[in-house]
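Here this note's numbering is used: the first residue of the sequence shown is 10, the next is one more, and so on.
For every residue, glycine included, the Cβ atom is placed at its ideal position computed from N, Cα and C.
The structure under discussion appears below in the form of structure tokens.
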Amino acid sequence: MKKWNKDYYTVSVPELDDQHEQLFVKLTSFIELVRQGSARTELLSLFDFLQKYTQEHFAAEEVAMAQYECPTAQQNIDEHKSFLEKLNTFKNELGSEGPSQELAGRVQKELYLWLIGHIARVDKALAQAIASCNKKKK
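In structure tokens form, the structure reads like this:
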């Protein structure tokens, strides 16, 4: 798996950058814990954290995108909704079927890789919107 690269993934809002890193770390931890055979209760607890933290992060990010009139704001909202639905599906699957290598692989593909791709593709537009806004103020 990839290592977090703060410079590459920055969106120029320190709070959001820190939250992105925390989500990256927690998803990486989940995948590693499943592969190590950790208990379902420990993994469900981590998913509870991810659900709450992700909702808080998405709300803060959506406010920032609106504030800076980011052109990808609506796409961002739509993708956030999809991510939360996937997160909930995986949590339910974990609760009913338990951890598996197959689940770890799907979480890596559908959540972890989504996160890093989403930041690079959609969230980085926020950094550009902030820079544009700052130029207009000068």
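Where the alpha helix (DSSP H) containing residue i begins and where it ends
{"i": "P23", "result": "23-44"}
{"i": "G114", "result": "110-116"}
{"i": "D57", "result": "49-76"}
Chain-order list of residues whose beta-carbon lies under 6 Å from that of residue i (same chain, five-residue window excluded)
{"i": "D132", "result": "V20"}
{"i": "A136", "result": "V20, S21"}
Close beta carbons around residue i, own chain, < 8 Å, minus the five adjacent residues each side
{"i": "Q64", "result": "L93"}
{"i": "V34", "result": "W13"}
{"i": "K11", "result": "I125"}
{"i": "H29", "result": "Y18, V20, H66, L124, I128, D132"}
{"i": "G107", "result": "R49"}
Residue of the options minimising C-alpha distance to residue i
{"i": "A75", "options": "N143, K145, I139, K35", "result": "I139"}
{"i": "D57", "options": "T98, A69, G114", "result": "T98"}
{"i": "P80", "options": "P23, L25, E24, A134", "result": "A134"}
CB contact check: residue i to chain B, cutoff 7 Å
{"i": "G104", "result": "Of the chains in the structure shown, none is chain B; there is only one protein chain."}
| task | Please specify which runs of the alpha helix (DSSP H), each continuous and at least 4 residues long, are wholly inside the stretch 115-146, giving them in chain order. | result | 122-127, 133-146
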